[in-house]
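For reference, the structure is listed below as structure tokens.
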Amino acid sequence: MLSRMTNFWRNIFAKEKTDRELDAEVRSYSDLLTQEKIREGMNPQEARRAAKLQLGGVEQVKEEVRQARTGACLDSLLQDLRFGARTLRKNPGFAAVAVLTIALGVGASTALFSVVKSALLDPWPYQGADRIVTIRPQFPKIGARPSGVWSLQEFKDLRERTDVFDFVIAGTGHTVNLQRGGYPERIIGANMTADGFSMLGVRPIKGRVFLSSEDQPRSPRVVVMSYGLWTRRFGADPTVVGRAIRLDDQLYTVVGIMPRDFVWWGSELWFPLAPDFSQLNRSSRMVAVQGRLRRGVTLQAAEAALQTSASQMELRFGAQVPEYAGFKIHLLALRDVVLRNVRESLMILMGAVAFLLFVACANVTNLLLARAAGRNKEMATRIALGADRSRIVRQLLTESVLLAAIGAALGCALAYVSVNAIVSLIPFGFIPAEAHVRISPGVLLFAIALAFATGILVGLAPALNAFRSNLHDTLKQDSVRASASRSSRYVRHVLAVGEVALALLVVCSAIAVVRSFHNLEREDIGFRSADVVTMRIGLPENRYSGDNVTRFFTELLQRTRELPGIQDSALASDLPLGSILSSGITVEGKSPETLGRIPDADHASVSSNYFSLLSVPIMQGRSFDDRDSANAMPVAIINQTMANLYWPSESPIGKRFRLNRADSESPWITVVGVARDMKQITIDSASRQAFFVPFAQDPVDSQNMSLLVRSTNPQAAIPNLIRAKLVQMDSELPIYEVESLDTRVKNSLGGEKLAATMLSCFAAICFLLTLVGLFGVISYSTSRRLNEFAIRIALGADRAAIVKLVFGEAARLALAGVALGCCAALFLGRLLSTLLYGVRASDWFTLSATAASLISLAIAASLIPALRAMRVDPNVALRHE
Amino acid sequence: MDRGQTNLLQGTLDMMILKALALDQMHGLGISRRIEQITKGTFQVKPGSLFPSLHRMEEEGWLVSSWGESENNRRAKYYRLTKAGRRQLESETQRWGRISLAIARALEAS
Numbered sequence: 007m008l009s010r011m012t013n014f015w016r017n018i019f020a021k022e023k024t025d026r027e028l029d030a031e032v033r034s035y036s037d038l039l040t041q042e043k044i045r046e047g048m049n050p051q052e053a054r055r056a057a058k059l060q061l062g063g064v065e066q067v068k069e070e071v072r073q074a075r076t077g078a079c080l081d082s083l084l085q086d087l088r089f090g091a092r093t094l095r096k097n098p099g100f101a102a103v104a105v106l107t108i109a110l111g112v113g114a115s116t117a118l119f120s121v122v123k124s125a126l127l128d129p130w131p132y133q134g135a136d137r138i139v140t141i142r143p144q145f146p147k148i149g150a151r152p153s154g155v156w157s158l159q160e161f162k163d164l165r166e167r168t169d170v171f172d173f174v175i176a177g178t179g180h181t182v183n184l185q186r187g188g189y190p191e192r193i194i195g196a197n198m199t200a201d202g203f204s205m206l207g208v209r210p211i212k213g214r215v216f217l218s219s220e221d222q223p224r225s226p227r228v229v230v231m232s233y234g235l236w237t238r239r240f241g242a243d244p245t246v247v248g249r250a251i252r253l254d255d256q257l258y259t260v261v262g263i264m265p266r267d268f269v270w271w272g273s274e275l276w277f278p279l280a281p282d283f284s285q286l287n288r289s290s291r292m293v294a295v296q297g298r299l300r301r302g303v304t305l306q307a308a309e310a311a312l313q314t315s316a317s318q319m320e321l322r323f324g325a326q327v328p329e330y331a332g333f334k335i336h337l338l339a340l341r342d343v344v345l346r347n348v349r350e351s352l353m354i355l356m357g358a359v360a361f362l363l364f365v366a367c368a369n370v371t372n373l374l375l376a377r378a379a380g381r382n383k384e385m386a387t388r389i390a391l392g393a394d395r396s397r398i399v400r401q402l403l404t405e406s407v408l409l410a411a412i413g414a415a416l417g418c419a420l421a422y423v424s425v426n427a428i429v430s431l432i433p434f435g436f437i438p439a440e441a442h443v444r445i446s447p448g449v450l451l452f453a454i455a456l457a458f459a460t461g462i463l464v465g466l467a468p469a470l471n472a473f474r475s476n477l478h479d480t481l482k483q484d485s486v487r488a489s490a491s492r493s494s495r496y497v498r499h500v501l502a503v504g505e506v507a508l509a510l511l512v513v514c515s516a517i518a519v520v521r522s523f524h525n526l527e528r529e530d531i532g533f534r535s536a537d538v539v540t541m542r543i544g545l546p547e548n549r550y551s552g553d554n555v556t557r558f559f560t561e562l563l564q565r566t567r568e569l570p571g572i573q574d575s576a577l578a579s580d581l582p583l584g585s586i587l588s589s590g591i592t593v594e595g596k597s598p599e600t601l602g603r604i605p606d607a608d609h610a611s612v613s614s615n616y617f618s619l620l621s622v623p624i625m626q627g628r629s630f631d632d633r634d635s636a637n638a639m640p641v642a643i644i645n646q647t648m649a650n651l652y653w654p655s656e657s658p659i660g661k662r663f664r665l666n667r668a669d670s671e672s673p674w675i676t677v678v679g680v681a682r683d684m685k686q687i688t689i690d691s692a693s694r695q696a697f698f699v700p701f702a703q704d705p706v707d708s709q710n711m712s713l714l715v716r717s718t719n720p721q722a723a724i725p726n727l728i729r730a731k732l733v734q735m736d737s738e739l740p741i742y743e744v745e746s747l748d749t750r751v752k753n754s755l756g757g758e759k760l761a762a763t764m765l766s767c768f769a770a771i772c773f774l775l776t777l778v779g780l781f782g783v784i785s786y787s788t789s790r791r792l793n794e795f796a797i798r799i800a801l802g803a804d805r806a807a808i809v810k811l812v813f814g815e816a817a818r819l820a821l822a823g824v825a826l827g828c829c830a831a832l833f834l835g836r837l838l839s840t841l842l843y844g845v846r847a848s849d850w851f852t853l854s855a856t857a858a859s860l861i862s863l864a865i866a867a868s869l870i871p872a873l874r875a876m877r878v879d880p881n882v883a884l885r886h887e
Numbered sequence: 148m149d150r151g152q153t154n155l156l157q158g159t160l161d162m163m164i165l166k167a168l169a170l171d172q173m174h175g176l177g178i179s180r181r182i183e184q185i186t187k188g189t190f191q192v193k194p195g196s197l198f199p200s201l202h203r204m205e206e207e208g209w210l211v212s213s214w215g216e217s218e219n220n221r222r223a224k225y226y227r228l229t230k231a232g233r234r235q236l237e238s239e240t241q242r243w244g245r246i247s248l249a250i251a252r253a254l255e256a257s
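One line per chain: the protein sequences are A and B, in this order.
Letter by letter, the first sequence follows residues 7 to 887 in our numbering.
Letter by letter, the second sequence follows residues 148 to 257 in our numbering.
This is how it looks when you write it as structure tokens:
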């Protein structure tokens, strides 16, 4: 019966077996022929030869059969495809909707899951990346949070823990000025111990990485270059390897070029750290330490194991190194470096897309089931007239497969476009630079397989129905009391209700996230960002230090203020809404026990007019002025949060505190003013305590400063003006990171904008799909009831009552869905709250508004079927039965 | 038989094979012998045409095959008609009848 299908299967999958059978068959023919000839009187030898001649060669015959088979196979395939295409063309609406639904499901889910996978789950191209950790010390005496730096002796001790790590490396930043052909450029670089490259397992595309002999103090100066820098400034010239280049006024020999996309530490140049272990001071902490855990060692086990090192250091050196009291070691996995916010946003989006996929599948299932139920009679009739059942199955399958194939193809295209769109929306720095966001083949295959599976399974439904049911009954079937359709109607209605519920969830989430985003946009950031351009200038330490730094920047400020169109300029070591230095402090007269916490604060060094440029009012005391020179009493301006935290019931003016430095006594700083809070780090983070010192009094932290310039002139021209002035002062100083402050503020909301945009898209798609789904269900259900309506009208019912019946069914489905959705929303609201700012996840207004719109959606979806029901002519309808 | 004639006669060969199997299942050699018999020697089917037809018709679903033992206890592949095959034989017979009648009439006309 299903001989065709088994033949097809056999041709593709059992070629060898088929071939052997064919061989046996032809040979058996030859044998039988031989036997015949022997019976006719020939001797066996002659008979065999004669038979062979008559046969015309075994191989030729086999080849003829193979060709005939392939031809027949292709013919039947083409026939089925043509038939399937024709059927679909006869119902273009159905086909279009089904194809689009599949395409949306495949495209959206592939795009998002691919992004999540390549950006969050596995972005690092390094060997054993899931085992790489950053090792951080926590010294309770200095500050409550773990710091990022170690001393060289401590690094040496950590290196000995080969039971925990198979690699331990150390590094520091090493940003340099590259002077080459015209303009100086600031290049971000890093010092690294030689085994760093081995740990990462990335080999250079040209040359080599450092030798351990180059990783010693006073070794010849070498550097490894990134692919990006090599192509950008050196024109990908292969002779660069082995040549010397000038960095910060010194010559370094380039020994190797790294491959594209290698951006360890965000750097373009890597220098040997050359640690000088004769430096015995344990409190002089400069290097960051990273390691790779041994296989099978978990993070928790490693942390516990490292605690013994910490305790030992405390025991042995506690007397000389007082900060070792309560010393703890923390490990941070590489993958946890991705900002928490983004990970959560993307996870929630994944949930939304999973919902969308379900809705799409439900829709396609509904559509196909509805169509199938409508064709039950057609199938039964065809079988009764003698059609081959297997042929019918094959045709139905072809239709579904064709639908799935077109939908999947469209979906792939959609996925490709979507991935590119999503990548352009992701703000810089939110995902690791190494992440190569692309379509994950595994996800694509899964989505396509799901589309095909849905299509095939549901496409087969009418055929299976036809097989199972009694032909006679099916033909006689009263469409209202159809037994087969009762269960499928139940399934369809359940799917429709589910769809509405999910749509409610997605739409409410989207509304919540969008409102949260708007709240953030309107939040008071504490300073005025309009008309301000910022850029960074870094003074190389070999030419500027101490007083020179102060002198340079003071002069720079003066000169920039003289420029036409510039209203004001100021300096800051760190800008708001970004990262900032943070240290533990000691407050005079208040011990940590009194305060209930170990005091710490963000801090930056600024010029005296920093606050006035940003329109930040000084609430108490005064701003900085000429009194606050390098040799004068150290002063600071604190923000309101810090004032309220450490001096809650008194004026902080005149009070003193000092920075906790491990290796030296830092001077007492006197508070002279209190400024209004500015948002640091991100807009939605709580206020942080912070203080500001005059840059003249803190040259160490003022080597690299941001210059802020307020001007009503077009912002594009300003950097060049500044550059011109800078060249007059020092021709080898570049400016970098030029950014308008308004853009900085906007970018800080990048993550939230991404979530809001994407959820809105999904909500819109869900809404559309639900509309289509409801339309399909109501439309089909109405068409089945046309006879019932006809009877009612014939019995005197009002046409308006019929319309009410149709709307009623739609409304009931929608209500059920909405009720289900609301319950789910109340449970799931908690999950969403981490993403929200000033908005409750499940607030009644949003829920009821969405519910109302979904119910109206259902009514709208049933407009056309209702009209059809209204216009039914009882005579025609009854005759059809 | 040259190429042109073979194509014309492919449909006819199919019909012959179906007819040969109408009463009983047979293996390849048996089918060609039967065709020879019922056409009184007019059609002598070579294996080069027989086997491709047999396999093609199996693909179409008109025949189904199974391995069995032949008269002299050798293994051979036997073919028999399916329901679809029987229907095909009937429709082909009718069609052929109509064609031959039409041709006969055409030739008679002056």
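All C-beta atoms in this analysis are idealised placements derived from N, C-alpha and C, irrespective of residue type, glycine included.
Pairing Gly827 of chain A with Leu511 of chain A gives a Cβ-Cβ distance under 8 angstroms. Around the beta carbon of Met684 of chain A, 16 or more other beta carbons lie within 10 angstroms, which makes this residue buried. Under the Cβ distance rule, Gly232 of chain B does not count among the residues neighbouring chain A, no pair being separated by less than 8 angstroms. In chain order, Leu28, Glu31, Val32, Tyr35, Val67, Lys68, Glu70, Val71 and Ala74 make up the part of chain A whose C-beta sits under 9 angstroms from the C-beta of Phe198 of chain B. In summary, Ser157 of chain A is buried, with 16 or more beta-carbon neighbours lying within 10 Å of its beta-carbon over all protein chains present. For Ala696 of chain A, no alpha helix (DSSP H) run applies; the uninterrupted beta strand (DSSP E) run containing it begins and ends at Ala696 to Pro700, by DSSP.
Ala817 of chain A and Ala806 of chain A have their alpha carbons spaced roughly 16 angstroms apart. When secondary structure is reduced to three states using DSSP, Tyr843 of chain A falls in the coil class, being assigned neither helix nor strand. With distances taken between CA atoms, Val293 of chain A lies nearest to A:Trp271 out of A:Leu275, A:Leu860, A:Leu873 and A:Trp271. Interface residue (Cβ-Cβ distance to chain A less than 8 angstroms): Asn219 of chain B is classified as such. Between Val370 of chain A and Ile108 of chain A the beta-carbon gap is near 6 angstroms, inside 8 angstroms, which marks them as a contact.
Considering only A:Ile724, A:Ala516 and A:Thr259, the residue with the shortest C-alpha distance to Val539 of chain A is A:Ile724. Put simply, the backbone Cα of Ser238 of chain B is about 14 angstroms away from that of Ser247 of chain B. Across the segment 74-108 of chain A, CB contacts with chain B closer than 8 angstroms involve Ala74, Arg75, Gly77, Ala78, Cys79 and Ser82, in sequence order along the chain.
Relative to the Cα of Ser575 of chain A, the nearest Cα in the group A:Ser613, A:Ala518, A:Leu61 and A:Ser315 belongs to A:Ser613.
Annotation for Phe100 of chain A: Leu373 and Arg377 place their beta carbon closer than 7 angstroms to its own, counting only its chain and skipping 5 residues before and after.
Using a Cβ-Cβ cut-off of 8 angstroms, Gly62 of chain A counts as an interface residue toward chain B, since at least one Cβ of chain B sits closer than that to its own.
Between Ala702 of chain A and Ser635 of chain A, the gap from beta carbon to beta carbon is short of 8 angstroms.
For the set B:Gln191, B:Ala231, B:Asn220 and B:Glu255, the Cα lying nearest the Cα of Trp209 of chain B is the one of B:Ala231. Near chain A, meaning a CB-to-CB distance below 9 angstroms, the residues of the segment 222-255 of chain B are Arg222, Ala223, Lys224, Thr229, Lys230, Ala231 and Arg234.
The Cβ-Cβ distance between Asn645 of chain A and Ala696 of chain A falls below 8 angstroms.
Annotation: Glu42 of chain A to Asn219 of chain B spans about 10 angstroms, alpha carbon to alpha carbon. Listed in chain order, the beta strand (DSSP E) runs fully inside the segment 166-216 of chain B are 210-216, counting runs of at least 3 residues.
Assignment of Pro50 of chain A by DSSP, reduced to helix, strand and coil, places it in the helix class. Counting the other Cβ atoms within 10 Å of the Cβ of Thr189 of chain B gives fewer than 16, which makes it exposed. Contact with chain B is found for Gln41 of chain A, since one of that chain's Cβ atoms lies less than 8 angstroms from the residue's Cβ. By the C-beta density criterion, Gln573 of chain A is exposed, having fewer than 16 other C-beta atoms within 10 angstroms.
Counted as a single uninterrupted DSSP element, the beta strand (DSSP E) harbouring Lys334 of chain A occupies residues Lys334 to Ala339. Here Pro152 of chain A carries a coil assignment [DSSP, helix/strand/coil]. With the criterion set as a beta carbon lying under 9 angstroms from some beta carbon of chain B, the segment 774-788 of chain A has no members that meet it. Classified as buried, Asp608 of chain A has 16 or more neighbouring CB atoms from the shown chains inside 10 Å of its CB. A direct Cα-to-Cα measurement between Val443 of chain A and Asn548 of chain A gives close to 40 angstroms. Relative to Arg750 of chain A, the option among A:Leu456, A:Thr304, A:Asp580 and A:Val105 whose CA is nearest is A:Asp580. Counting along the chain, the unbroken beta strand (DSSP E) around Gly297 of chain A starts and ends at Ala294 to Leu299. Residue contact with chain A for Glu183 of chain B: absent (no Cβ-Cβ distance below 8 angstroms to any residue of chain A).
Here Val519 of chain A is near Ala761 of chain A, since their CB atoms are less than 8 angstroms apart.
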